[in-house]
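A quick write-up on the structure given underneath.
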Amino acid sequence: MSRTVLSLPGDGIGPEVMAQVRRVLDRIGGFQIEEGLVGGASYDAHGTPLTDDTMAAALKADAVLLGAVGGPKWDTLPFEVKPERGLLRLRKDMELFANLRPALVFDALAQASTLKTDLVRGLDLMIVRELTGGVYFGEPRGIEDIGGGERRGVNTQVYTTSEIVRVARVAFDLARKRDSRVCSVEKANVMESGLLWREEVQKLRDAEYTDVALSHMYADNCAMQLVRAPKQFDVIVTDNLFGDLLSDCAAMLTGSLGMLPSASLGAADANGRRKALYEPVHGSAPDIAGQDKANPMACILSASMMLRYSFDMAAEADLVDRACQDVLNAGIRTGDIVEPGMTPVGTAAMGDAVLAA
Ligand code: NAI
Ligand code: MG
0 MSRTVLSLPG DGIGPEVMAQ VRRVLDRIGG FQIEEGLVGG ASYDAHGTPL
50 TDDTMAAALK ADAVLLGAVG GPKWDTLPFE VKPERGLLRL RKDMELFANL
100 RPALVFDALA QASTLKTDLV RGLDLMIVRE LTGGVYFGEP RGIEDIGGGE
150 RRGVNTQVYT TSEIVRVARV AFDLARKRDS RVCSVEKANV MESGLLWREE
200 VQKLRDAEYT DVALSHMYAD NCAMQLVRAP KQFDVIVTDN LFGDLLSDCA
250 AMLTGSLGML PSASLGAADA NGRRKALYEP VHGSAPDIAG QDKANPMACI
300 LSASMMLRYS FDMAAEADLV DRACQDVLNA GIRTGDIVEP GMTPVGTAAM
350 GDAVLAA
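Numbering (numbering that gives the first Met the number 0), first residue to last: 0 to 356.
Pasting the structure below:
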């Protein structure tokens, strides 16, 4: 099985955190890692946030790892060449329709969590958000004058059966590698697309995934349950808009942006391998860029997801996750997660510690 990885460090702290990921992957060994430019770094070199060559390399690679894009230097560029456009093109051309956002609370950080410790200790849930459909893209859309000084803003929530089934399949497959439970979230009580969603997810489960327990929940209740008792969930699958909100909500159960990984998956090929992009949730953090202050864990944990979901290397992924846990338990922390009485370490030192562990 080939293991070609395209690494796109990007801007700001992207290259700093990606350098630590490289060390981890080199230690595991067996990867062919290519490097490319994305975002402002690509604009500076080529006048575009993503070249056709880099796009082609991404489509050819077995997985793509991305740091972060953007920063004040490129904020005034025209829309078509803004750094974010590079990332959007990657997601679009790779047809990444499923966004995986884990919310995982490390024991060592549960104490510092914004919520009560017992509520989040041991939390380990995964939100699967549909990424290419729904109200963000549905037609008709627009703002129109309707006379008498009135205007009307229109968006349309649309889902087809195939769009629902393919993302639900990702969720069921994931659940099989976890605790075999999926909670499907919509508002079938007030939305036709939600009703179709509920019916199709249930049909798929009954036809192909009877070993996975499926429940259904309205999105408003899900928001409440995430805050009240988040440990009841294993895998949550939901649409683009609800997923946007619920994944940010779940993220805040865990603490820092510097700890949050993500994955975006596309369709499976004949060998069952999916196009995949792995990236930390955080941005380029211009306020701390170039100062050896960034927490590399979100990016290292994104690479761990790559091991698990693109390369079936669960044992190695477990090793990386446990190493991160040990480092946190030992009180080795970057500035974003440091607690009273601890001395913060830098990005490279955090990488050293993870490698040692
Ligand atoms: P941000 O995530 O870059 O930073 C928000 C705050 O969190 C900052 O105070 C930063 O120092 C801190 N932070 C973020 N990651 C950290 C880490 N690994 N370790 C320690 N502290 C960390 O979000 P912000 O400030 O809204 O955006 C900055 C730039 O990043 C903008 O140009 C934005 O467009 C871009 N961005 C890019 C994303 C991507 O590449 N996927 C996602 C979000 C923002
Ligand atoms: Mg959001």
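Cβ coordinates follow ideal geometry from the N, Cα and C atoms, glycine included.
If you draw a straight line from the Cα of N188 to the Cα of A212, it is about 22 Å long. DSSP places D268 in the coil class of the three-state scheme, outside both helix and strand.
By a beta-carbon distance limit of 8 Å, A62 does not contact L264. Their separation comes to about 10 Å.
For S192, the closest of C298, T253 and V164 by C-alpha to C-alpha distance is V164. Inclusion of L86 in the 7 Å shell around the ligand NAI follows from its C-beta lying nearer than that to a non-hydrogen atom of the ligand.
Between Q19 and T346, the C-beta gap is smaller than 8 Å, which places the two residues in contact. G11 counts as buried, since no fewer than 16 other beta carbons sit within 10 angstroms of its beta carbon. Taking 7 Å as the cut-off, one finds no heavy atom of the ligand NAI near enough to the beta carbon of S6. Scanning A222, L122, V157 and G282 for the CA closest to the CA of M17 turns up G282. Taken in chain order, the complete alpha helix (DSSP H) segments of 4 or more residues contained in the segment 291 to 346 are 296 to 309 and 313 to 328. Take the alpha-carbon of A355 and the one of D335: they are about 21 Å apart. As DSSP reads the structure, Q31 sits in a beta bridge with T3.
Close CB contacts of V326 within its chain, under the 6 Å cut and outside five residues either way in sequence, are with A352, V353 and A356 (chain order).
In this structure S261 is buried. Its beta-carbon is surrounded by 16 or more other beta-carbon atoms within 10 angstroms.
Of the candidates S179, A55 and D317, the residue whose Cα lies closest to the Cα of L300 is D317. Following the DSSP letters along the chain, one finds L225 in no beta strand (DSSP E) but inside the alpha helix (DSSP H) bounded by residues A218 to R227. The nearest non-hydrogen atom of the ligand NAI is 7 Å or more from the C-beta of D247. Shown here for E33: same chain residues with a beta carbon closer than 8 Å to its own, the five before and five after excluded, namely T3, V4, L5, S6, A56 and A60 in chain order. Here K81 carries a coil assignment [DSSP, helix/strand/coil]. The C-beta separation of Y158 from L195 comes to about 6 Å, placing the pair in contact by the 8 Å criterion. Short note on G289: C-beta not closer than 7 Å to any heavy atom of the ligand NAI.
By the Cβ neighbour-count rule, I287 is buried, with 16 or more other Cβ atoms within 10 Å of its own. Here R273 is buried. Its C-beta has 16 or more other C-beta atoms within 10 Å.
Distances taken from the Cβ of N220 to the heavy atoms of the ligand NAI include none shorter than 7 Å. In the structure shown, the three-state DSSP call for G137 is coil. The three-state secondary structure of D243, taken from DSSP, is helix.
The Cβ neighbour count for G13, taken over all protein chains shown within 10 Å, is at least 16; the residue is labelled buried.
Separation of the CB atoms of D210 and S183 is rounded to 16 Å, and the pair is thereby denied contact status at 8 Å. Assigned with DSSP and collapsed to three states, Y42 falls in helix. Annotated three-state conformation of M125 is strand, per DSSP. Within 10 angstroms of the beta-carbon of F232 lie 16 or more other beta-carbons, which makes it buried.
The Cβ atoms of G350 and P295 sit closer than 8 Å to each other. Counting along the chain, G254 sits inside no beta strand (DSSP E), nor does DSSP assign it H or E at all. Residue range D51 to K59 is occupied by the alpha helix (DSSP H) that includes K59. Annotated as distal: G330 and L108, with beta-carbon spacing of 8 Å or more. Counting along the chain, R165 sits inside the alpha helix (DSSP H) bounded by residues T160 to R175.
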